[in-house]
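Colleague: In my numbering, the protein residues as written are 1064 to 1410.
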Ligand code: PBG
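1) Residues bridged to residue 1278 by DSSP?
2) Cβ of residue 1209 within 7 angstroms of any heavy atom in ligand 1?
3) Identify, in the order they occur along the chain, each residue of the same chain with its Cβ nearer than 6 angstroms to the Cβ of residue 1134, setting aside the five sequence neighbours on each side.
4) Hey, is residue 1250 close to ligand 1, as in C-beta under 7 angstroms from one of its heavy atoms?
5) Run the proximity test for residue 1204: is its beta-carbon closer than 7 angstroms to any non-hydrogen atom belonging to ligand 1?
6) Determine, using beta-carbon pairs with one atom in the segment 1317–1330 and one in the segment 1342–1362, whether at least three such pairs fall under 8 angstroms.
7) Return yes when the Cβ of residue 1154 is within less than 8 angstroms of the Cβ of residue 1200, no when it is not.
8) Using only the alpha-carbon positions, how far apart do residue 1313 and residue 1355 sit?
9) Return the chain-ordered list of same chain residues with a C-beta closer than 6 angstroms to the C-beta of residue 1122, the five sequence neighbours on each side being excluded.
10) Can you say whether residue 1462 is buried or exposed, counting buried as having 16 or more other CB atoms within 10 angstroms of its CB?
11) When we look at the beta-carbon of residue 1107 and count the other beta-carbons within 10 Å, is it buried (16 or more) or exposed?
12) Is residue 1285 close to ligand 1? I mean its beta-carbon at under 7 angstroms from any heavy atom of the ligand.
13) Taking the C-alpha atoms as reference points, what is the distance between residue 1194 and residue 1141?
14) Return the first residue and the last residue of the beta strand (DSSP E) that residue 1339 is part of.
15) Flag this pair as yes or no: are the beta carbons of residue 1160 and residue 1187 separated by less than 8 angstroms?
16) How long is the line joining the alpha carbons of residue 1339 and residue 1353, rounded to whole angstroms?
17) Relative to ligand 1, is the shortest distance from any of its heavy atoms to the C-beta of residue 1134 smaller than 7 angstroms?
18) How is residue 1149 classed by DSSP in three states: helix, strand or coil?
19) Starting from residue 1270, trace the beta strand (DSSP E) in both directions and tell me its first and last residue.
20) Figure out for me which residue from 1130, 1117 and 1253 has the closest Cα to the Cα of residue 1370.
21) Excluding the 5 residues flanking residue 1236 on each side, which residues of the same chain have their C-beta closer than 8 angstroms to its C-beta?
22) Go through its chain and collect everything with a Cβ distance to residue 1103's Cβ below 6 angstroms, but skip five positions before and after it.
23) Closest by CA to residue 1337, which one among 1179, 1390 and 1203?
24) Is there contact here, the segment 1202–1220 with the segment 1145–1152, by at least three beta-carbon pairs under 8 angstroms?
25) Please give me, in chain order, every unbroken run of the alpha helix (DSSP H) with length at least 4 that falls completely inside the segment 1214–1249.
26) Which complete alpha helix (DSSP H) runs does the segment 1162–1198 hold, if anything under 4 residues is left out?
27) Tell whether a beta-carbon distance below 8 angstroms holds between residue 1197 and residue 1397.
28) For residue 1137, count the other beta carbons within 10 Å of its own beta carbon; 16 or more makes it buried, fewer makes it exposed. Which is it?
29) Between residue 1223 and residue 1215, how many whole angstroms is the CB-CB distance? I'm expecting something under 8 angstroms.
30) Buried or exposed: which applies to residue 1090, given that a residue is buried once 16 or more other Cβ atoms fall within 10 Å of its Cβ?
31) Using alpha carbons as the reference points, say which of 1400, 1279 and 1385 lies closest to residue 1105.
32) Considering only residues of the same chain and omitting the five flanking positions on each side of residue 1228, which have a CB-CB separation below 7 angstroms?
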């Protein structure tokens, strides 16, 4: 066959169909160079968008690896203060504190949750003393304190709503007294936001914010967190009688509406990536500060794939976090917080 030259060559490279294209609008023009993509970007992730969830354990000078969460550790109280110092240095606005309560302190009613000297309270006090300007979010739920791993008290296989709420109010008070700026009920009992608001106000804590886990789904993605706080070992059954069914979207709006009515200052959707539609709808409907929790299983999935060389972990991290911003989230609870802040904050 003769070599293709001249006109024949051009025709070969620009087939007839392409010649008929007459495009005034070419979306690719704005993507043609890095500078142009930066100008056109609609959402930008900043360090102000981050809340860093951290785990506390007993002991001194102690850090324990959590195998299902590569790069995440539990820290003893003295160590968690150093974590807080690092958060301040990175300009991360807030930490969320999660205790791994010693097994022998867990009982049927989660009594340790009301001990003003429990692990969470000791951590809150120690951090607040050294870094009063760092926001501290404390989880309100009984699961790290109960022998059965449920977020409330039980009778047989039922998780009791109203009895649990009464205890959660006291837990919120104990955490606030210890230094929590924000209490975050993650238990999904009905009526807890209003009851907690009333309890806080009656005790003069009118400025303590409530970050309600308004739409918290019964999810397979909490597995590594339950390793971190020791509830995989304790949990009997599942949490589907109180956490939401992932088939439902309208129900999330009803849940959020109830929490707003009852005095929630901020709303949270959890987990993150499978629920971007819920983030969008909740933000649109209520316009409150809307947070999303990129939960442990999401973190672990990205880390595991990255460690296998199957995806670029840092890129996947930024992509998912920017996706939350695009969906309308005002802030993100993420175990990637220090790693992404290291990239975003020039030390
Ligand atoms: C418990 C609680 C859970 C998480 C935060 N608070 C787990 C659960 O409901 O079992 C999950 C966070 C994560 O997976 O990162 N009230």
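Using N, Cα and C, we set each Cβ at its ideal position, and we do this for glycine too.
Modeller: Put simply:
1) In the chain shown, the residue the question calls residue 1278 occupies position 215. Residue 1278 is bridged to 1332.
2) As a working mapping, residue 1209 is identified with position 146 in the chain shown. Every heavy atom of ligand 1 is 7 angstroms or more from the Cβ of residue 1209, so no.
3) Numbered from 1 along the chain shown, position 71 holds the residue referred to as residue 1134. Excluding positions up to five away in sequence, the list is empty.
4) Residue numbering aside, residue 1250 sits at position 187 when the chain shown is read from its first letter. Yes.
5) Mapped onto the chain shown, residue 1204 falls at position 141. Yes, the Cβ of residue 1204 comes within 7 angstroms of a heavy atom of ligand 1.
6) Yes: at least three Cβ pairs fall under 8 angstroms.
7) Taking the first residue of the chain shown as position 1, residue 1200 is located at position 137. Taking the first residue of the chain shown as position 1, residue 1154 is located at position 91. At the C-beta level, residue 1200 and residue 1154 stay beyond 8 angstroms of one another.
8) Within the chain shown, residue 1313 is the residue found at index 250, counting from 1. Within the chain shown, residue 1355 is the residue found at index 292, counting from 1. Using only the alpha carbons, I get a separation of about 17 angstroms.
9) Working through the chain shown from its first residue, we reach residue 1122 at position 59. Once the five neighbours on either side are set aside, the close Cβ partners of residue 1122 are 1139.
10) In this structure the chain extends from 1064 to 1410, so residue 1462 is not present and cannot be described.
11) Here the question's residue 1107 lines up with position 44 in the chain shown. Around the beta-carbon of residue 1107, fewer than 16 other beta-carbon atoms lie within 10 Å, marking it exposed.
12) As a position in the chain shown, residue 1285 is number 222, starting the count at 1. Look at residue 1285: its beta carbon is less than 7 angstroms from one of the heavy atoms in ligand 1.
13) Taking the chain shown and counting its residues from 1, one reaches residue 1194 at position 131. Taking the chain shown and counting its residues from 1, one reaches residue 1141 at position 78. Taking the Cα positions, residue 1194 is about 13 angstroms away from residue 1141.
14) Here residue 1339 is taken as the residue at index 276 of the chain shown, counted from 1. Note, residue 1339: premise wrong, no beta strand (DSSP E); alpha helix (DSSP H) at 1339–1349.
15) The residue labelled residue 1160 in the question sits at position 97 within the chain shown. The residue labelled residue 1187 in the question sits at position 124 within the chain shown. In this structure, residue 1160 sits near residue 1187, with a CB-CB distance shorter than 8 angstroms.
16) For the purposes of this step, residue 1339 is taken as the residue at position 276 of the chain shown. For the purposes of this step, residue 1353 is taken as the residue at position 290 of the chain shown. Spanning the two alpha carbons is a distance of roughly 12 angstroms.
17) The count along the chain shown starts at 1 and reaches residue 1134 at position 71. Checking every heavy atom of ligand 1 against the Cβ of residue 1134, none is found closer than 7 angstroms.
18) The sequence position of residue 1149 within the chain shown is 86, counting from 1. When DSSP states are grouped into helix, strand and coil, residue 1149 belongs to the helix group.
19) Position 207 of the chain shown holds residue 1270. Counted as a single uninterrupted DSSP element, the stretch harbouring residue 1270 is not any beta strand (DSSP E), since DSSP gives it neither H nor E.
20) Locating residue 1370 in the chain shown gives position 307, counting from the first residue. Nearest option by C-alpha distance: 1130.
21) Indexing the chain shown from 1 puts residue 1236 at position 173. Contacts found: 1262, 1263, 1266 and 1268.
22) Stepping through the chain shown from its first residue, residue 1103 is reached at position 40. Taken in chain order, the residues that qualify are 1093.
23) Within the chain shown, numbered from 1, the residue matching residue 1337 stands at position 274. Its Cα nearest to that of residue 1337, the residue 1390 stands out among 1179, 1390 and 1203.
24) Result no; under three Cβ-Cβ pairs closer than 8 angstroms.
25) Taking 4 residues as the shortest admissible run, the segment 1214–1249 contains the following complete alpha helix (DSSP H) segments, listed from N- to C-terminal end: 1224–1241.
26) Taking only runs of at least 4 residues, the alpha helix (DSSP H) segments lying wholly in the segment 1162–1198 are 1182–1193.
27) Translated into the one-based positions of the chain shown, residue 1197 becomes position 134. Translated into the one-based positions of the chain shown, residue 1397 becomes position 334. Against a cut-off of 8 angstroms, the Cβ pair of residue 1397 and residue 1197 comes out as no contact.
28) For the purposes of this step, residue 1137 is taken as the residue at position 74 of the chain shown. By the neighbour-count rule (16 or more Cβ atoms within 10 Å), residue 1137 is buried.
29) By 1-based counting over the chain shown, the position of residue 1223 is 160. By 1-based counting over the chain shown, the position of residue 1215 is 152. Distance from residue 1223 to residue 1215 at the Cβ level is roughly 6 angstroms; contact confirmed, criterion being Cβ atoms closer than 8 angstroms.
30) Here residue 1090 refers to the residue found at position 27 when the chain shown is read from its first residue. Here residue 1090 is exposed: its Cβ has fewer than 16 other Cβ atoms, across all protein chains shown, within 10 Å.
31) Here residue 1105 corresponds to residue number 42 of the chain shown, with the count starting at 1. Relative to the Cα of residue 1105, the nearest Cα in the group 1400, 1279 and 1385 belongs to 1385.
32) For the purposes of this step, residue 1228 is taken as the residue at position 165 of the chain shown. Within the same chain, residue 1228 has close Cβ partners 1252, 1254, 1255 and 1258.
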